[in-house]
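Enquirer: Have a look at the structure that comes next, please.
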């Protein structure tokens with residue numbers, strides 16, 4: 001499966017204790033996808049390039065890797 | 001119990017970080033280097049494919065392009081290099097409280113006390129390598145030994161992603177056959193002098209009679225002899241310790257020799273700006289100005305002056321450096337290199353002592369000009385703004401002493417920082 005690095009807009013919740021939880025993905029088509037659950041959060045490098053905090057998320061029943069790279073977000077996308 | 005010191009080196013650092021950011025770069029010959037249009041732009045790092053084409057770190061970009069016309073040259077993004085190398089060092093810091101940086105890409109990690117927590121140091125070092133790869137996608141090569149010098153030597157032996165363990169049992173077989181120039185602090189000049197004594201390998205140096213070596217090379221000879229025998233005992237500095245900066249300086253080797261003070265004036269200007277900017281970055285001001293002058297015969301001298309008051313502004317540094325140079329150098333031999341250092345440092349005072357004989361606003365005004373220029377440069381790059389005088393000879397002044405040189409700004413023993421950029 002070919003994956004692509006795609007920078008995206010993300011809506012976040014920053015909690016009182018400082019923790020950041022991604023809430024919604026804003027896709028290029030203008031749709032706003034809710035992130036149902038953050039399954040895990042680890043420091044990782046991505047095969048599509050870049051590294052940072054990897055949030056493995058459940059979005060519409062599918063696992064997706066979302067990365068906080070330095071100061072912006074990208075997703076390992078199935079489409080370029 | 002012997003110390004266990006790891007030296008870790010991020011393999012061809014800048015190039016590898018660029019590859020990590022964009023893995024497609026792994027499939028083409030790629031190098032990180034200065035401006036392509038500028039003739040003094042040089043290769044700072046290259047990937048394996050570029051290396052296979054014969055590209056050498058430090059050579060000029062036109063030379064490199066001749067060897068490999070499809071070489072992709074990327075502009076260095078220092079902000080990223082600082083960010084990602086710091087991320088790697090944060091991983092080292094999970095294993096020891098003693099992590100001492102040596103430039104951006106290298107660090108010593110003292111694992112002596114970590115043994116009780118993590119067990120076998122070789123396994124720990126492997127774990128560190130694996131963790132760095134997993135979390136940052138970068139490979140590091142490591143050397144393990146009981147002293148910093150051999151640890152550093154070891155990290156250079158097997159690349160990339162290599163590990164070399166140098167023990168008291170094997171160092172004669174592993175280290176001694178290496179060229180003496182592989183040793184830290186043996187540069188080209190020292191290597192030549194040692195070769196005159198018939199010393200070509202580290203082993204030659206180690207067994208050379210110490211009194212003779214001292215007679216030829218002085219204290220430096222004794223030091224190198226200790227290095228070669230693994231007797232060096234410098235501790236790895238604790239994380240977070242900052243050496244007290246005693247002076248702030250920059251120097252430049254000119255793109256061509258300079259024949260009179262008028263031609264030197266813009267260069268003094270550029271270097272004064274860099275020194276002033278680095279002083280105010282650290283909130284320092286100084287009261288002693290030193291100029292370093294080296295002529296085309298490679299003879300050098302330094303002259304210094306104590307000022308009546310502390311300064312951190314480029315106008316002040318410029319004026320003093322100019323007058324010191326005028327008084328001490330007659331240009332009978334053209335000048336090759338020039339440097340300015342400010343010492344006698346203290347933390348910036350909130351108020352400045354006014355002089356009865358000077359315009360009281362002049363200092364403030366100069367400081368504000370410096371600040372404004374730094375802000376513009378911070379946002380739009382070094383070339384976004386410059387003093388008109390530097391336009392007199394753009395080729396000669398087209399260098400950024402503050403920003404461009406970030407490799408090994410620190411000496412091994414002292415807290416003095418001197419940036420030297422070769423053009």
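Chains as they are written, first to last, in the working numbering: chain A, 1 to 80; chain B, 1 to 423. Beta carbons are placed, not taken as given, at the ideal position from N, Cα and C, and that holds for glycine.
1. Please name the residues in the region 34 to 59 of chain A whose beta-carbon is closer than 9 Å to at least one beta-carbon of chain B, in chain order.
2. If I'm right that residue 263 of chain B touches residue 401 of chain B with Cβ under 8 Å, what's the distance once you round it to whole angstroms?
3. Please state whether the Cβ-Cβ distance between residue 259 of chain B and residue 155 of chain B is less than 8 Å.
4. By the three-class DSSP mapping on this structure, what secondary structure does residue 24 of chain B have?
5. Here's the rule: buried if 16 or more other CB atoms are within 10 angstroms of the residue's CB, otherwise exposed. What is residue 254 of chain B?
6. DSSP three-state call for residue 246 of chain B: helix, strand or coil?
7. Which residues of chain B have a Cβ atom closer than 7 Å to the Cβ of residue 70 of chain A, listed in chain order?
8. Using Cβ-Cβ distances below 7 Å, what residues of the region 131 to 145 of chain B are close to chain A?
9. In its own chain, which residues sit with a C-beta less than 6 Å from the C-beta of residue 230 of chain B, not counting the 5 before and 5 after it?
10. With three or more C-beta pairs closer than 8 Å as the rule, is the region 289 to 302 of chain B touching the region 330 to 342 of chain B?
11. Quick check on residue 293 of chain B: does DSSP put it in helix, strand or coil?
12. Specify the secondary structure class of residue 5 of chain B as computed by DSSP and reduced to three states.
13. Could you have a look at residue 38 of chain A and say whether DSSP puts it in helix, strand or coil?
14. Drop a sphere of 10 angstroms on the beta-carbon of residue 439 of chain B, count the other beta-carbons inside from all chains shown, and report buried for 16 or more, exposed for fewer.
15. According to DSSP, simplified to helix, strand and coil, what is residue 39 of chain B?
16. On the three-state DSSP scale, how would you describe residue 409 of chain B?
17. Jot down the residue ranges of each uninterrupted alpha helix (DSSP H) in the region 39 to 96 of chain B, minimum 4 residues, whole runs only, in chain order.
18. Should the region 3 to 17 of chain A be regarded as contacting the region 44 to 63 of chain A, the criterion being three or more beta carbon pairs within less than 8 Å?
19. Any C-beta of chain A sitting closer than 8 Å to the C-beta of residue 23 of chain B?
20. What residue from B:303, B:380, B:249, B:271 has the CA that sits closest to residue 345 of chain B's CA?
21. At 3 residues or longer, and completely inside the region 213 to 244 of chain B: list those beta strand (DSSP E) runs for me, N to C.
22. Could you check if residue 11 of chain A is buried or exposed, using at least 16 other CB atoms within 10 Å of its CB as the buried criterion?
23. Is the separation between the beta-carbon of residue 136 of chain B and that of residue 105 of chain B shorter than 8 Å?
24. Taking only the alpha-carbon atoms, compute the straight-line gap between residue 90 of chain B and residue 138 of chain B and give it to the nearest angstrom.
25. I want to see whether chain A comes within less than 8 Å of residue 276 of chain B, judged by CB atoms only; does it?
26. Would you give the residue range spanned by the alpha helix (DSSP H) that residue 75 of chain A belongs to?
27. Please list the partners that residue 30 of chain B has in chain A, where partner means a Cβ-to-Cβ separation under 8 Å.
28. Quick one: does residue 301 of chain B have its CB under 8 Å from some CB of chain A?
29. Using beta-carbon positions only, say whether residue 221 of chain B and residue 213 of chain B come within less than 8 Å of one another.
30. Closest to residue 116 of chain B by CA distance: which of B:270, B:4, B:12 is it?
31. Strictly below 8 Å CB to CB, what residues from chain A border residue 20 of chain B?
32. Candidates A:53, A:13, A:30: which alpha carbon is nearest residue 84 of chain A's?
33. Within 10 angstroms of its Cβ, does residue 341 of chain B collect 16 or more other Cβ (buried), or is it exposed?
34. For residue 28 of chain B, which residues of its own chain have a beta-carbon under 8 Å away from its beta-carbon, when the five flanking residues on both sides are left out?
35. Would a C-beta distance cut-off of 8 Å place residue 370 of chain B and residue 323 of chain B closer than the cut-off?
Expert: The answer reads as follows:
1. 42, 43, 44, 45, 46, 47, 48, 49, 50, 51, 52
2. So it is not a contact: roughly 17 Å between Cβ atoms.
3. no
4. helix
5. buried
6. coil
7. 83
8. 134, 135, 136, 137
9. 147, 150, 171
10. yes
11. strand
12. strand
13. strand
14. Lying before the first or after the last residue shown, residue 439 of chain B is absent from chain B, which here runs from 1 to 423.
15. Note that residue 39 of chain B scores 48 on pLDDT, short of 50, meaning its location in the model is unreliable; the coordinates nonetheless yield the value given after this. Coil.
16. In this prediction, residue 409 of chain B scores a pLDDT of 39, lower than 50, which makes its location untrustworthy; the coordinate-derived value is nonetheless stated afterwards. Correct three-state label for residue 409 of chain B: coil.
17. 48 to 52, 61 to 67, 78 to 92
18. yes
19. yes
20. B:249
21. none
22. exposed
23. no
24. 14 Å
25. no
26. Looking at the DSSP string, residue 75 of chain A is not in any alpha helix (DSSP H); the run it does join, the beta strand (DSSP E), is 72 to 77.
27. Under the 8 Å cutoff, chain A gives no residues; its nearest Cβ is about 13 Å from residue 30 of chain B.
28. no
29. yes
30. B:4
31. 45, 49, 50, 51
32. Absent from the structure is residue 84 of chain A, since the part of chain A shown begins at 1 and ends at 80.
33. buried
34. 49, 70, 72
35. no
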